[in-house]
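Numbering (the numbering used here), first residue to last: 6 to 83.
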């Protein structure tokens with residue numbers, strides 16, 4: 006494996022991002038009301054550019070709320 010392959014950032018898909026965000030919300034680590042830029046605390050710095058680029062590609066802004074990334078959720082106790 007080349008050195009460049011080891012240093013290249015991880016590729017993020019929107020589905021992977023949504024899954025990771027849902028996991029963080031369910032664990033109570035982040036809130037649905039927080040802006041997306043708080044995610045930079047949980048993404049390695051070397052991967053943040055690729056992560057941010059994927060969000061922008063799908064027209065998300067870092068000031069948008071985390072809830073915008075979450076699909077409609079079903080509540081069973083309503």
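Where a beta carbon is used, it is the ideal one built from N, C-alpha and C, also for glycine.
The beta carbon of residue 75 lies closer than 8 Å to those of 23, 26, 27, 30 and 37 in the same chain, with the five residues before and after it left out.
Just so you know, the alpha carbons of residue 45 and residue 60 end up roughly 12 Å apart. Residue pairing from DSSP places residue 70 in a beta bridge opposite 40. Under the three-state reduction of DSSP, residue 46 is assigned to helix. Apart from the 5 residues on each side of it in sequence, residue 63 sits with its Cβ closer than 7 Å to the Cβ of 19 in its chain, given in chain order. Judged by their CB atoms, residue 42 and residue 70 are not nearer to each other than the 8 Å cut-off. A direct Cα-to-Cα measurement between residue 55 and residue 32 gives close to 24 Å.
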